[in-house]
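Here the sequence shown stands for residues -18 to -1, 1 to 180, numbered as in mature numbering (1 follows the signal peptide of the UniProt record, and there is no 0).
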Amino acid sequence: MFWPALLVTFAAARAVFCCPPCLDQHAEQLLHDRLFQTNLRGPRWTGNENQNTLTAVVKTSMEIAGLSVETLNYTLFRWDPRWWSLSLKLKDGTTMGLPTTGYWPYSGDSGLRGVTAPVHDAGSFGLFPNQSADSGSLNLTGLPEGGSVLFFDNPRRDMISHPTCEIPNHEYRAARRATIHSPVTDYWGLCLLLSHIR
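Now the structure itself:
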């Protein structure tokens, strides 16, 4: 009786201690994003520590080369979150974590609860033959009154950092009136714009 009991105890202990902890896809993506953001500490947005470090290195290098450098300090009010994430809740109740490359620092604080809204597909961001942006190709009609998460395909890799700079003012104002606030992330050419919920 001793050996079977020992074998059962060993099997139970192995089941408890040897099986790796299991995360669902959303939790895995969230963990990956947190680790990535901890290591990276975000991109070099205007005025953040990464940008200040780069500016100091360039200034020092220029001074070593014999140049005189003057700087101008400017106070900038900006949303500067420690963490960010993006998830998609499917109709069957499944929540999926989406990869993100960064946040848009001037978009405003979405609060601890974040923003939840239906998704709106605005189509593809078109290009004219000279490769300039044709933002008229975006479908900004039929947006829900309460806000939405707008996404569109972005064929130009050079527009990833500031996609709204390519949207003409009259169309951007229309988008803002439709409660679109500003870009959150651009991942492999997919640009997402996050709206406020009123």
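From the three backbone atoms N, C-alpha and C, an ideal C-beta is built for every residue, glycine too.
Check	Outcome
Cα separation between SER67 and GLY118?	29 Å
Can you tell me which of the three DSSP states GLY108 falls into?	strand
Look up LEU80 in the DSSP assignment and say whether it is helix, strand or coil.	strand
Given a threshold of 16 other Cβ atoms within 10 Å of its Cβ, counted over all protein chains shown, does ARG139 qualify as buried or as exposed?	Note on ARG139: pLDDT 47, under 50, position unreliable in the model; the coordinate value appears next. The residue is exposed, with fewer than 16 neighbouring Cβ atoms inside 10 Å.
Which stretch, first to last residue, makes up the alpha helix (DSSP H) that contains VAL40?	31 to 46
By how many angstroms is the C-alpha of ASP116 removed from the C-alpha of LEU13?	37 Å
For GLY79, count neighbouring C-beta atoms within 10 Å of its own C-beta (all shown protein chains included) and say buried if the count is 16 or more, exposed if not.	buried
Taking PRO126 as the reference, which of LEU109, ASP135, ALA104 has the closest Cα?	ALA104
Note down the Cα distance separating SER43 from THR53, rounded to an integer number of angstroms.	14 Å
Just list the residues that DSSP pairs ASP103 with in beta bridges.	PHE133
What is the DSSP secondary structure of ILE162, reduced to helix, strand or coil?	A caution first: ILE162 carries a pLDDT of 40, below 50, which makes its placement in the model unreliable, though a value can still be read off. Note: ILE162 maps to strand in three-state DSSP.
So, are the CB atoms of ASP74 and SER106 less than 8 Å apart?	no
Exposed or buried, what is GLY129 when buried is set at 16 or more other beta-carbons lying within 10 Å of its beta-carbon?	buried
Kindly identify the DSSP beta-bridge partner or partners of TRP71.	Strictly speaking, residue 71 in this sequence is Lys, with Trp absent from that position. According to DSSP, which records beta bridges pairwise, LYS71 is partnered with THR77.
Look up ASP116 in the DSSP assignment and say whether it is helix, strand or coil.	strand
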